[in-house]
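In case it helps, our numbering puts the sequence shown at residues 1143 to 1597.
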Amino acid sequence: MAVKVQALERWVTTLIGLALMTSLAGTLLGALHLADTFLGQVAAFETIYVLIIGFSILRLPPTRTLFWCLGSLVVALAAALLQRWDVDPVSLMLFYGFPLVVCALNGYMLDASARGSYANNLLLGRESARLRQWRDNADRMLDQLDVRIRERHEQAGELAFLLEPDLKLSQGGLRDLHCLQWIDLADPSLLEDSEREALDGPHGVLLSARIELHRATGRANNQLLLQEQDEVADALGYGDADLLMAAVAEAARTVTGIEDAVLHRIHNRGRRRRWLARTRDLGHGILLAEETLTLADDAPVSDPVMPLRVAVHAAREDAFIFRDVLDRIAAEDAPLPNPWPDEARELFVDLLLLGHDMIRVVEALDQVDLVTRLIPEWAPNRHRPQRNAYHRFTVDRHLLEAAAEAARLVDRVERPDLLVLGGLFHDIGKGYPGDHSEVGVGLVHTIAERMGYPP
């Protein structure tokens, strides 16, 4: 059907073009024959008007219209020469040559504008069709995206804690930002307004670092190596590579936290057993439902031990904690007494004994400053790079990894608590001036006394 319509359109356009050519030939003959008479001037104006009709009103194809107009000129001049009429070239240029050039240019501009509008509409139409297709298949495609994101994270590592991260592919990098944008297009309900706003700052930090890295190296390389960090930091105005990497790490942690929440929503939405979901009361107002840890309305969030209770349950149950739950606890600003109560010390050790399961939970608590509320000495080690080839992680992640590895060896020692605490605090002095071993001894002494251990 479309082919028939296009063929008919071509035939109609050709017929109109021939009619235009005939009309122009007639008005041209009248203008040439009657010359300077009143009727000759009328014929000249009619010639210009027919040109305007062809190029601007009917909007015929400009190239074909130009050929028809030139054809009418040839026909009119041939007839005039056969009749031995006097032809004034100047008059011919005034009432036909110049108007033809102007009308032809206008016709080409109108055609270009129409083609641009058509192309834009076609592009928008195809984008809309693809977007509809994406949304119609959102559940399946989001599940596939979830799997691919996790596979990429396994390969590229976590941007916030690597010494030489990939600004694009590492977890919390630009690719994850793009994934969140795609997810938002597929289903806007998966992102909260506050999360969308929170992504603006990290996007600027990561994109600026990547652009400057490309400029500094002259290559499309996304891995921010140690030897390039100083130059990138200077170009971006940080002045110090550690400050640059701290900003990059903070941005990546924000992206990771939001992405984790979104992927958890996708995971829960994909489960078709919501109506069978059972809520377990874990005590102290802590609730577990669908692998998500929440708080009851009457939960004792002002209890200073509450962060540790929540952390232990989340790590033990492999449960996710949404940011609003942590914000609710952090808003109370309830520090532990000095020394800690026995329950707090035991919960802290229990958390470390859970090994690698505790790392993501501690990171979640650290994003709302609950870790530094428990251990103030932790703050200088956050996002702190270790500038040597013997380490992969920043100091804070290095300490958590050491504690997690130590937890695998607790069956070999009489005091598991001292083993995991030693792993967690063995390099706590690296964030401070001086020899970190000597500084660390004093810090650990202070921390241990605060936790309630005897001198």
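Quick reminder that beta carbons are idealized off the backbone N, C-alpha and C, glycines included.
The beta carbon of L1493 sits closer than 7 Å to those of L1450, A1453, V1454, A1457, M1500, all from its chain and outside the five residues before and after it, given in chain order. Counted as a single uninterrupted DSSP element, the beta strand (DSSP E) harbouring D1423 occupies residues 1422–1425. Under a 10 Å Cβ-count criterion, Y1238 is classified as buried, with 16 or more other Cβ atoms of the shown protein chains found around its own Cβ.
Out of D1508, N1530, Y1532, the CA that lies nearest to the CA of P1522 is found in D1508. Counted as a single uninterrupted DSSP element, the stretch harbouring I1195 is not any alpha helix (DSSP H), since DSSP gives it neither H nor E. Annotation for A1358: E1370, E1373, V1374, A1377 place their beta carbon closer than 8 Å to its own, counting only its chain and skipping 5 residues before and after.
A straight line joining the alpha-carbon of Y1380 with that of R1294 spans about 30 Å. D1384 sits in a helix when the DSSP states are folded into three classes.
Inter-segment contact for the stretch 1350–1364 and the stretch 1307–1325 is present: three or more beta-carbon pairs are separated by less than 8 Å. In the structure shown, the three-state DSSP call for E1474 is coil.
Annotation for G1315: L1301, L1309 place their beta carbon closer than 6 Å to its own, counting only its chain and skipping 5 residues before and after.
Counting along the chain, I1501 sits inside the alpha helix (DSSP H) bounded by residues 1499–1508. In the structure shown, F1535 falls within a strand segment according to DSSP collapsed to helix, strand and coil. In this structure the stretch 1463–1475 touches the stretch 1428–1446; the number of beta carbon pairs closer than 8 Å is three or more. Under the 8 Å Cβ criterion, the stretch 1184–1204 counts as touching the stretch 1156–1167, having at least three qualifying pairs. In the DSSP annotation of this structure, the continuous segment of the alpha helix (DSSP H) that includes T1588 starts and ends at 1578–1593. Note on geometry: alpha-carbon atoms of D1228 and L1166 lie some 19 Å from one another. Here DSSP, grouped into helix, strand and coil, assigns T1207 to helix. Assignment of beta-bridge partners to F1462 by DSSP yields T1434. Taking C-beta separations shorter than 8 Å and ignoring five residues to either side along the sequence, the partners of A1403 in its chain run E1337, F1462, F1464, R1465, following chain order. Take the alpha-carbon of G1249 and the one of S1198: they are about 6 Å apart. The beta carbon of A1221 lies closer than 7 Å to those of L1171 in the same chain, with the five residues before and after it left out. Between C1211 and L1247 a beta carbon distance of about 13 Å is seen, past the 8 Å cut, so the two are scored as non-contacting.
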